[in-house]
Amino acid sequence: MQGGEDVAWATPRVRGSSGNGAAAAAASQSRASLAALAVKFAKRQRSPHCLLVKEHQVREGTDTAHPPRRTLFVLNVPPYCGPDSLSRLFSRCGNVQSVDICDKPGPGEKKDKTASKFFDHKALKGFQVAYVVFRKPAAIQAAKALSQQGPLLISTESHPVKTGISKWIASYEASIVDPKELKAEVDAYMQDYDKKVAEEEAKAAKEEGVPDEEGWVKVTRKGRKPGLPRTEAANLRVLEKEKQKRARKELLNFYAWQHRETKREHIAQLRKKFEEDKQRIALMRAQRKFRPY
Amino acid sequence: MGGARAAGPMGGAVPSRAANRERRSAAGGARTEPCCAVFSPQGSPEAAEEAEQGPERRAGGAVRRGKRAAPAAADPQPAKLSRAELYKPPTSEELTQLKETEDLFHSSLLRLQIEELLKEVTLKETKKKKIDAFLHEINSLLGAIPETPETELTDQAWLSEDVKVPFLQVPFNVKGRFHFVPPAELKVVGSYLLGTCIRPEINVDIAVTMPREIFQDKDNLNQRYHRKRALYLSHIAQHLSKEKLFGSVKFAYMNSNHLKPILLLRPQGKDEKMVTVRLHACPDPGLFKPSRFYPSKNNVRTAWFMEQSSPKEGATEPPTPHYNNSILCDTVMLSHLHLLSNAATDFPGMKDGLALLKVWLNQRQLSKGLGCFSGFLVSMLVAYLLMKRKIVKMMSGYQVLRSTLQFLATTDLSVTGISLAKDADPSLPVLDDFHQAFEVVFVDPSGLVNLCADMTASKYHQVQFEAKRCMEILDDRMVDGFQVLLMTPKPMLRTFDHVFHLKHVSKLQGTCKKMQLLNELMDRGGNYVAAALPFVVSLLARGLSQRAQLVAHSLPQISEWPIDAEPPKHKDIGPLTFGLLFVPEFAASTLEKGPQADHLEALEFRTFWGEKSELRRFQDGSICEAVVWEASTVCQKRLIPEQIIRHLLKLHADIPESSICYTGALLESVIRTGKEAWGTGEEAMVSVVCSYDDLSRKLWNLKELPLTVTAVQGVHPALRYTDVFPPIPVKPIYSFHNRRKHLLLPSEEKPCPAYITPLKIICHMEGSGQWPQDKGAIKRIKAAFHLQLAELLRQQHQLVCRPAVTHTDVYKDGYVFRLQVAYHREPLILKEVVTPEGMLKYQDTEESRQLELETLHLPYLTSSLHGLQQQHPVFGSTSRLAKRWISAQLLSDSISDECVDLLVAFLFLHPAPFTPPSSPQVGFLRFLNLLATFDWKNNPLIVNLNTGLTDSDCAEIKNKFVAARSRLPVMFLATPKDQWSSMWTRERPSAQILQRLVLLASESRRALEEQLMDPLSDQDVKMVFRPPLDFYDVLIHLNPNQIPRHLESVDRPVKSASRGVVKNSSAMNILFPVVDYDPVQLYLQELRDAFDDLALFFYDKHGGEVIAVLWKPLSFQPQPFKVSSMKGRKVTTLNNELVCVPNVEAILEDFEILGEGLVKSVEARTEKWTI
């Protein structure tokens, strides 16, 4: 998917000095190439950001949330530009069906019905990419043609966008949860969960001790004879026990050769340490660590 | 700087240098030095390169800074010996060496370290030859100086104008005649011949024997000998100064004793720094009768000294032991040399041991000045120990050091003196005579000279204290003894808890008068500093006897001067500095309890304390004399010693308060909360903890909760006493806010409300089979708990709560606590992974790690540090100062709070070679020093909290650290519960930030110490808390009305907007205040989210008015077009290629848009960069 986007972006045939103009020129040559739309926050600002737009293309028709031919892919969406603003900006090109803003390009996720207001909440940060789905394919060209016009405005008098202090105050207000609503949601979720767990357990109880078609019996921790749990920790524990058992059986310093071995080992240890220390000293000397003042 | 996170610590320096180079080229030369200087490594690439080629260079020998091989990228890994080499049969030599190392040294590493140090400090052979040649030339020059005609001592007209007599001739008139005759004998004496002189100051002492015919009878009287000696030297100086051989000819006082001038000769040219030849004039042996100089004899007549015409009838002359001693010293120079050279023969360890001891003394600033513990003295001490067989000639240098320290630690020479004299001649004075005359007694072989004559008892106690401390360190296997004993300097400011200066030593003249020290003045030749000092110090020691374990003073020092200048006066020693080392338990007590009123000692007590002493009845019914000091807050109590010192010095020594500059608590103003009377926040912290304890009790006993609360643990810094500005109980003003139901909201029309910090508390719930075993379900259950906790606290304890999904805020006693429920198995469940074979494995994920940090490690750390605070009451304040400094330098977001706490904890847990700090100031100075000098690249910082690590653990950590260095964080902290991962420094600081911290710390420390040691300047210690802003690229100025913590800034604003709260803790409250709402932090978060890959943002969270922005140079280079890197950039063409560059104009406008209402202006310093 990601690769599919890149192919289109990697070969922009553009000439000229100004970024905006160049991109616009390219737009007319290829349907898949990019167009740059200048966009400003409000009238007051002087320097625009450039939104890069192109028709959304995928190799196979896998991306069902963003149907090909009528989805506009928008790059470099400034942080203060939310879905509402985008949809308003592009509504002049045709009816907008949906706007999907995300961190990086990727297949649209199926809208999850269970997504809740309180949990799985992801705040969008910084510059984003967006998929704008129009009702009609014709709107794509119209959108690209916007690059010929003056900068688009995100915040207008009729539709002001909140930033700064007013935005933070609003989000402080929004962070207050209604206990009743939250409680209701939690209760509903837990009921579902309990039901699911109960079903699973019932299923497991049914399978308990019943051989499958090849004659294997599944051992669970519920049964009469619970087996070892299949975890990494349990495996390590068993190995450790084995080792200890073996060590107990061994005799230490019993034979003369064992004595010799230990002595040899001691000298070898001393040598090794000496060698390591020499290395460390060499390193420290190199860093002039021995100048007392 | 952008991609440097990956660089790792070892190579950290190198990539950033590359980054700098790129940055410079990217800027097309327009961007110049300041920013590079700031973020560039200070010489560390060189160090790294040298480290890599260390072994080769050794092979190359003398080539020091010659050509460098291209730096190899590999870390120096410990070389492995092959198996064959490890197990080959040992030779006998090798065996003895290994054995010797085991017996004579602590470890082989220590042995090697000491060898390296000795190489570093001892004199090279080549230099020796040069010095010898120089000495020969001096010898021949001295013989050729012409004689002069005989004149009266007071007639100094024969001396040329270019030379001033290096002697304070007060009173000027004295009998006697002088003429110059070339020296009878020249002898090199002292450390040069013994081979024990050490760099950097190589001194060669030459004893110039003045011929007998210069002297007359009674020259022992009234400084006549001393004046002749001075005249003799000035005549020599006059002649030698004309010679081209010398780079400089100067006078100095021997050990700053103004009776004993010496002549300093240095060679010409580049060798000038190499050596200083010191000429001592001494009398012909046998000139004086020794019995005249016994400690009880008088040699300075009162009448002469007071310039009276005739002596008073019948008055006995007082003894002048110091004066006598100063003459005797000159007569025994040669015999001391013989003694030492006898000791040093066949004793290679002595030379090494003395070198080590001298380094040890130098690092402690004990070896210079009047009454110092000089290198000569320590040599004599070693000779004494050899005589007493405490040292044998078999010993190594390390063992000599150890035995000497052991002796010093256990012997108090101020009580039981020692003597080198072998056969007791009954006519000689006994030790008791010496003890009466001197404070410290160490008699030389002749039985006449006290080698420690000028030393005060306090100085000796300091030496003794240091020796004791060092013996403890050497026996402690956890400490790198070599490093702390020999390599760490101990300046007074960092050693003592409180330091104060006597600004004008001339005030000591008044002290001499007040204390009636005429005899001492005569004895000391009019040096009122030397005369008064022992009395002042013992006065202080008595006054602080309960509170201070050590009262030390700096040694008066007079630097050398050119021969045509007048000799320095007594007051030219500059300010005198005193240091106090406290007993933490008693230092801050407000009561000084004296004897019972009817006892005899009561009168003495009363005279000692003066008017401050009053009769008081105590609880046990006794009525005693007592002194009570006024102090209400902890920070005032810490300054009780100051009150005592000022009082005693005024009362007994006539030293006015204005002459005392007390630098005990100058820094505390930056952590002061609000008004003067509120103190420095210790009390506020205690009341927070009380309220927290109460809340946790309530939580424990909460009824109707389905599962019980098993543990309540605080994690907020205030709950471990290290919050820079502890929360103060407040009550909101309703009219200031908007409201929704029972909650208050910030209002757009009003200034931002005061910042109320939520005090986070982890509330562990009982484990039970009822907990679900699924991530999502656990989250929901926790949310349900938060709701229920809020509900129950409201019902059972009438507390106002604000529940949320991840926590519940509780408003109690004017504080807001944030409760977070934890289930101990949740991290484990987050870690679960099932392998394809169906095996259950546990793997760390980002989420699980975060949760573990919050619910497991942070509570543990908090309780450990809470415990540390109980042992060391200034831990919290030190940590707060440290954090305040880091935040003032705009780096608080670049290093974690916990990391700073641990660094400070290190200072308390591993103070060697110091003692644990007992004042925040000394703690802070040591913090800066630690940051600036610790070798983060090669060493882990091990913080042994609760002594949970053994020395083998430490060794293992060190070894593993070396092996895995490149994969570990740049700053590696190990604690007992976190030995391998350094969890508090994993993400922050980055290599560049650490470098900057190190640089800032060393600069701040230098500036601060300079100021604190200079009482005559106006001490503006806040200077190190004001960050330099000139190297940032963009400054975002903020509207002070919207900065909730505006009042916390270093320079407190004169006026600041009302914040809609009143200080209150008692009243019941119905409406919940605005919590954790700091627009500046929200703004910073948005800026970092949006522009993280383009710029770094710096801010002082304690009331800063400016956000400083630094562009990342790497991201300013034009980059090839890529979908993922388009953020905030625009497309342009460069050399016919499509590239994208940051859309800077638009970004600058974004700064204003995102901070609407908060940002006052954006100042782009385009002169520093171009696009």
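Keeping their order, the protein sequence lines are chains F and H. Just so we're aligned: 54 in our numbering is position 59 of the first sequence, and the numbers increase by one with no gaps anywhere. One rule links them: number in our numbering = place in the second sequence (from 1) + 603. Glycine included, C-beta positions come from ideal geometry on N, C-alpha and C.
Of H:984, H:980, H:946 and H:1003, the smallest CA-CA separation from residue 955 of chain H is found for H:1003. The region 956 to 966 of chain H makes no contact with the region 927 to 938 of chain H; the number of CB pairs closer than 8 Å stays below 3.
Short of 8 Å from the beta carbon of residue 1751 of chain H, and not among the five residues preceding or following it, lie these beta carbons of its own chain, in chain order: 1637, 1765 and 1767.
Residue 1229 of chain H is bridged by DSSP to H:1196 and H:1217. Under the Cβ criterion (8 Å, minimum of three pairs), the region 1312 to 1330 of chain H counts as touching the region 1458 to 1477 of chain H.
For residue 1053 of chain H, DSSP records a beta bridge to H:1046. For residue 1613 of chain H, the closest alpha carbon among the candidates H:858, H:1601, H:1602 and H:1627 is that of H:1627. Annotated as proximal: residue 1483 of chain H and residue 1274 of chain H, with beta-carbon spacing under 8 Å. The Cβ atoms of residue 1632 of chain H and residue 1498 of chain H lie no closer than 8 Å to each other. A distance of 8 Å or more separates the beta carbons of residue 30 of chain F and residue 190 of chain F. Per DSSP, residue 1151 of chain H lies in no alpha helix (DSSP H); the unbroken beta strand (DSSP E) holding it starts and ends at 1151 to 1156. Distance between residue 1070 of chain H and residue 948 of chain H, taken at the CA atoms: about 27 Å.
Neighbours of residue 232 of chain F across chain H, judged by C-beta separation under 7 Å, do not exist; the nearest C-beta is about 13 Å away.
Taken atom to atom, the span from the alpha-carbon of residue 1629 of chain H to that of residue 1704 of chain H is near 14 Å. By the rule that beta-carbons nearer than 8 Å mark a contact, residue 1443 of chain H touches chain F.
Per DSSP, residue 1001 of chain H is one residue of the alpha helix (DSSP H) stretching across 1000 to 1013.
Cβ contact annotation for residue 1008 of chain H (same chain, cutoff 6 Å, sequence separation greater than five): 1070, 1073 and 1074, in chain order. Here residue 1145 of chain H is exposed. Its C-beta has fewer than 16 other C-beta atoms within 10 Å.
For residue 181 of chain F, the residues of chain H that pass the 7 Å Cβ criterion are 1383, 1386 and 1387, in the order they occur in the chain. Contact of residue 966 of chain H with chain F is assigned, a C-beta pair being separated by under 8 Å. In terms of Cβ geometry, residue 862 of chain H and residue 883 of chain H do not form a close pair [threshold 8 Å]. Separation of residue 1592 of chain H and residue 1655 of chain H (C-alpha to C-alpha, rounded to the nearest whole angstrom) is 29 Å.
Not flagged as an interface residue toward chain H: residue 212 of chain F, since no C-beta distance is shorter than 8 Å. Only 158, 159, 160, 161, 163 and 164 from the region 144 to 166 of chain F bring a Cβ to less than 7 Å from some Cβ of chain H.
Taking a beta-carbon distance threshold of 8 Å, residue 83 of chain F does not count as an interface residue toward chain H. In this structure the region 1025 to 1033 of chain H lies against the region 1045 to 1062 of chain H, because at least three pairs of beta carbons, one per stretch, are closer than 8 Å. Residue environment: residue 704 of chain H is assigned as buried (16 or more neighbouring CB atoms within 10 Å of its CB, all protein chains considered). In this structure the region 1747 to 1763 of chain H lies against the region 154 to 162 of chain F, because at least three pairs of beta carbons, one per stretch, are closer than 8 Å.
In the DSSP assignment, residue 850 of chain H falls within the beta strand (DSSP E) that extends over 849 to 856. Contact between the region 1159 to 1177 of chain H and the region 1186 to 1193 of chain H is absent: fewer than 3 CB-CB pairs across the two stretches fall below 8 Å.
Beta-bridge partners of residue 1662 of chain H (DSSP): none assigned. Looking at the DSSP output, residue 1365 of chain H shares a beta bridge with H:1316 and H:1423. One Cα belongs to residue 1096 of chain H, the other to residue 1420 of chain H, and the distance between them is close to 40 Å. Residue 875 of chain H carries a helical assignment under DSSP once its states are collapsed to helix, strand and coil. Of the candidates H:1024, H:1141, H:1349 and H:1150, the residue whose Cα lies closest to the Cα of residue 1156 of chain H is H:1141. The CB of residue 113 of chain F comes closer than 8 Å to the CB of 1386 and 1408 in chain H, given here in chain order.
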